[in-house]
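A.B. asks: In my numbering, the protein residues as written are 6 to 173. Cβ coordinates follow ideal geometry from the N, Cα and C atoms, glycine included. Let me begin by handing over the structure; questions about it come next.
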C-alpha cells in the first residue's frame, strides 16, 4: 500500500495560485498488523486553501512501513517518523510555497493522558528547528487529523472501485 505524492503537480498547482493562498501540511499514522508483524500506515497531506477563503485541493499519499515501537501505548518511534516525514515534505515544497502562509500540522495531543503526549515537545522543537515554522498540534491541527483521515477514506474508496472494475 504505497500511494505517492506527485510533488511536481503540487508545485505547479501552488504556483498557479495567488499569494494569499494558504498551505497546510500534515501527517497521521495508524498501526496495522500484517503477517503477524506491526506496520504503520503513514498518511501525508498537503491542503491548498485557494486564496485563503475559497475551496481547497487535497493532495496526499499513504506509505506502509514496519513499526518498531515496543509499546502501543507509547508510540514514540511511529509518531516521530510522522514528524520527520512532514518536515521532509515541507522542505521539498518550501520553494514553491514561497511567501504564502503555511502551517505544519502534527497529529499529536498535548494532553498528558494521551499516548502522543510523549513526543509533543520533541516534535515541536524538531519542526521549529528544521522548518523554521511553529507547528500546530491537536486540537488545532486539522490537516493532520481531519484532512489525512479524509484522504485515507477517499483513497480506500478509490482502491475498492479499481478492484471492482478489474473483477468485472
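1) So within the stretch 39-107, which uninterrupted alpha helix (DSSP H) runs reach at least 4 residues, ignoring any that extend past its ends?
2) Between residue 36 and residue 83, which are expected to be in contact by the criterion C-beta below 8 Å, what is the C-beta distance as a whole number of angstroms?
3) Which two residues bound the contiguous alpha helix (DSSP H) that contains residue 142?
4) From 69, 59, 58 and 51, pick the residue whose C-alpha is nearest to that of residue 97; which is it?
5) For residue 47, which of 121, 107, 142 and 31 has the nearest alpha-carbon?
6) Considering only residues of the same chain and omitting the five flanking positions on each side of residue 42, which have a CB-CB separation below 8 Å?
7) Could you tell me if residue 24 is buried or exposed, where buried requires 16 or more neighbouring beta carbons within 10 angstroms of its beta carbon?
8) Can you give me the Cβ contacts of residue 7 inside the same chain, cut-off strictly under 6 Å, excluding the 5 residues immediately before and after it?
9) Would you give the residue range spanned by the alpha helix (DSSP H) that residue 12 belongs to?
C.D. replies: This is what the structure gives:
1) Listed in chain order, the alpha helix (DSSP H) elements of length 4 or more contained wholly in the stretch 39-107 are 81-102.
2) Rounded to whole angstroms, the Cβ separation of residue 36 and residue 83 is 7 Å, and the two are in contact under 8 Å.
3) Careful: residue 142 lies outside any alpha helix (DSSP H) and carries neither H nor E.
4) The residue with the shortest Cα to Cα distance from residue 97 is 51.
5) The option with the nearest alpha carbon to residue 47 is 31.
6) Hits under 8 Å: 71.
7) By the neighbour-count criterion, in which a residue is buried when 16 or more other Cβ atoms sit within 10 angstroms of its Cβ, residue 24 is exposed.
8) For residue 7, the predicted structure reports a pLDDT of 49, less than 50, and the residue's modelled location is therefore unreliable. The matter cannot be settled from this model.
9) That run of the alpha helix (DSSP H) goes 12-20.
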